[in-house]
Amino acid sequence: VDSIQDAYDAIAKDDTAKGRSGKERCDTYSEKTLKACAMWRPNEVYLDLVEELCYYFHKHEPHGDGAILIFLPGWGDITKLYIRLYQSGENFKLITLHSLMTPEQQHEAFERPPKGMRKVVLSTNIAEASVTIDDIVYVIDTGVRKERTYDPGTGISSLDAKQVTKANAIQRRGRAGRCQEGMVIHLFPSYKFGKFDEFP
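The C-terminal position of the sequence shown is numbered 203 in our numbering, with every residue numbered one higher than the one before it.
And the structure:
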């Protein structure tokens, strides 16, 4: 998708959402939304948008003590966002979750934050199924994960950013509101979801 018109055409052709056709949905979108869809690229992590969503949930949403879970592809993005949120001066209790952390370090994610603070968990896909954090109300899914790939020509393996699969996105959605009403924001256009691989 390279232009606003291309985004409009792609959304208009998509009839995967229940209730309204792609054309009906598209006609209700602002030019800003269509522009965002046109600019979206797979495997990109939009940290500015993730950060703004965090502030929005913290300041405007009714579930004042509900925790926020953010799915990021790897330690690099977790660190960058952690620094941004820490420097914001907001009352965030920031917690990181990554497979390299010890069980003792991971346990902190299950503890309630001090009164007046909102818990924000920055996690890789380890939080998709391995752990259940019962006070998560908001989930922000960047739509990107890391996957180990092997190049037989060079004999080198690497961790590469990949688009999530349908199974990943569904698991991530299931983390929101397990014990109370919740909300999930997937940072990819809905018309792209139908083209995702089924499984990793």
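By construction, the Cβ of each residue, glycine as well, lies at the ideal position given by its N, Cα and C atoms.
What three-state label does DSSP hand residue i in the structure shown?
i, result
"Gln8", "helix"
"Gly185", "coil"
"Phe60", "helix"
"Tyr89", "helix"
"Lys195", "helix"
"Leu162", "strand"
"Arg176", "helix"
"Ile136", "coil"
"Pro116", "coil"
"Asp200", "coil"
"Thr36", "helix"
"Asn94", "coil"
"Cys76", "One detail in the question is off: residue 76 reads as Pro in this sequence, not Cys. Coil."
"Met42", "helix"
Relative to the C-alpha of residue i, which candidate in the options has its C-alpha closest?
i, options, result
"Ile136", "Val48, Leu100, Arg87, Trp78", "Leu100"
"Val53", "Val123, Asp9, Gln109, Pro116", "Val123"
"Met104", "Lys83, Ile129, Asp80, Leu88", "Ile129"
"Ile81", "Ala70, Ser102, His63", "Ser102"
"Arg44", "Leu88, Ala164, Glu55", "Ala164"
"Gly92", "Gly197, Arg121, Asp200", "Arg121"
"Leu37", "Ile173, Asp9, Ala70, Asn46", "Asp9"
"Gly119", "Ile143, Pro106, Gly69", "Gly69"
"Glu184", "Val142, Ser161, Glu201, Asp200", "Val142"
"Arg115", "Glu64, Gly77, Ile98, Leu125", "Ile98"
"Gly79", "Ser126, Asp154, Ser160, Thr152", "Ser126"
"Gly77", "Asn94, Val48, Lys35", "Val48"
"Asp144", "Cys182, Pro155, Val187, Ser161", "Val187"
Where DSSP assigns a beta bridge to residue i, which residues make up the other side?
i, result
"Tyr141", "Ile71, Met186"
"Ile99", "Sequence inspection shows Thr at residue 99; the Ile mentioned does not correspond to that position. DSSP output for Thr99 lists Leu125 as bridge partner(s)."
"Glu150", "Asp163"
Going by the CB atoms, is the gap between residue j and residue i shorter than 8 Å?
i, j, result
"His189", "Gly146", "yes"
"Ile139", "Leu72", "yes"
"Pro203", "Glu131", "no"
"Val134", "Arg148", "no"
"Ala39", "Tyr194", "no"
"Phe196", "Ala172", "yes"
"Leu84", "Leu50", "yes"
Could you confirm whether any beta carbon from chain B is found closer than 8 Å to the beta carbon of residue i?
i, result
"Gly146", "This model lacks chain B altogether, as it is built from one protein chain only."
With contact counted as at least three CB pairs below 8 Å, one residue from each stretch, are the stretch 55-62 and the stretch 177-185 in contact? no
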